[in-house]
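In this note's numbering, the protein residues as written are 60 to 309. Heads up, the beta-carbon is just placed ideally off N, CA and C, and yes, glycines get one too. Notes to accompany the following structure.
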Amino acid sequence: MKKIILFLSAAVVFASCSKDKYTISGTAKGIENGKTIIVETQDANGMGLIAVDTVKVENEKFEIKGKALEPIFHTLQVEGIQGKVPFILENGDITVVIDKDSIQKSKVSGTYNNDEYVKFNEEIKVVQKKLMDFQTKNMVAMNTAQQAKDTAVINNLMQEFSKLQEEVSVTSKAKYISYAETHPKSLISALIIQGMSSDPSADIKKTEAIYNSFDESLKNTKPGKAIKKKLDETKSPTTGAPAPAVGDAK
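Written as structure tokens, this is what we have:
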């Protein structure tokens, strides 16, 4: 019995330690030995990307280990290949499968936020597909109209496209809000609400309500703290009520 207890205790300790670090296990089929994989993230000003780690491909594999203080978006850049693989660097076991022929088809999985990011993107792609389908369907007609300088056809197609864009925008916004309301631990939720907190047309009460529903771990991320700061800026420093508009204060 003591041996079993000791074994279980050791397993718990090992599991807790693995959660405090990350391991990126990558497959790079068709990519030559010695090619460099660069891990990048935004610089402090958010104006560009900086390299934070590099690793060489060996036998079509690569592995990167480290410790993340909080989940943050990063990208992988493969030497000699255009495009980047976006992913969320967070503690845990992250699996990356590089598609050298179409970097956008590369797959990332294994941790909560990365799996959520993939699912969320797939849902948004379904909504955005309406725009892509419209463009594909009407590409020939638009080109023909432009060559013939047929403004009636051109204007009609543009109006239809604008109307569809508005519909997709409304649907997408509803999906963003619904996601944030139902995923209080997801980094995606924090990024959505951070965007809302910076939008003058957004419902501030709705924004604050969703933020208040977040898990403490999410509130303590950089976007979580940015939301709190923005919400505080919209309130009076003395009463906590919304700050009066310029010219209304007496």
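When you compare each of the options to residue i by their alpha carbons, which one comes out closest?
| i | options | result |
| --- | --- | --- |
| Thr-230 | Val-116, Val-177, Val-186 | Val-186 |
| Pro-243 | Ile-263, Glu-267, Met-191, Asp-258 | Glu-267 |
| Gly-93 | Ile-83, Val-116, Thr-86 | Val-116 |
| Thr-100 | Gln-205, Lys-143, Asn-173, Glu-226 | Lys-143 |
| Thr-86 | Asp-79, Gly-105, Glu-119, Met-201 | Glu-119 |
| Asp-258 | Lys-289, Ala-211, Glu-240 | Lys-289 |
| Tyr-171 | Gly-283, Leu-277, Pro-282, Lys-294 | Leu-277 |
| Ile-131 | Gln-141, Ile-140, Asn-173, Ser-165 | Asn-173 |
| Gly-107 | His-133, Glu-129, Glu-91 | His-133 |
| Leu-190 | Ser-161, Ser-221, Ile-162 | Ser-221 |
| Ser-260 | Pro-282, Asp-274, Lys-232 | Lys-232 |
| Lys-78 | Gln-141, Leu-128, Lys-88 | Leu-128 |
Does DSSP put residue i in a helix, in a strand, or in coil?
| i | result |
| --- | --- |
| Leu-128 | coil |
| Gly-85 | strand |
| Lys-294 | strand |
| Gly-283 | helix |
| Lys-56 | This structure leaves residue 56 out entirely; the chain is present only between 60 and 309. |
| Lys-80 | coil |
| Lys-143 | coil |
| Glu-119 | coil |
| Glu-138 | coil |
| Glu-99 | strand |
| Ala-300 | Its pLDDT being 49, under 50, Ala-300 is placed unreliably by the model, and the measurement read from it follows with that caveat. Ala-300 falls in the coil class under three-state DSSP. |
Assuming residue i and residue j form a contact by the criterion Cβ under 8 Å, report the distance between their Cβ atoms to the nearest whole angstrom.
| i | j | result |
| --- | --- | --- |
| Glu-175 | Ile-247 | 6 Å |
| Leu-135 | Ile-96 | 6 Å |
| Phe-121 | Val-114 | 5 Å |
| Gly-169 | Ile-153 | 5 Å |
| Lys-80 | Asn-150 | 6 Å |
Practice task
Counting only runs of 3+ residues fully inside the region 153-207, write out the beta strand (DSSP E) ranges in chain order.
Solution key: The qualifying runs are 166-168.
Problem - 4-residue-minimum alpha helix (DSSP H) runs that sit fully inside the region 205-272, ordered along the chain - result: If we require 4 residues or more, the alpha helix (DSSP H) runs fully inside the region 205-272 come out as 210-241, 246-256, 263-271.
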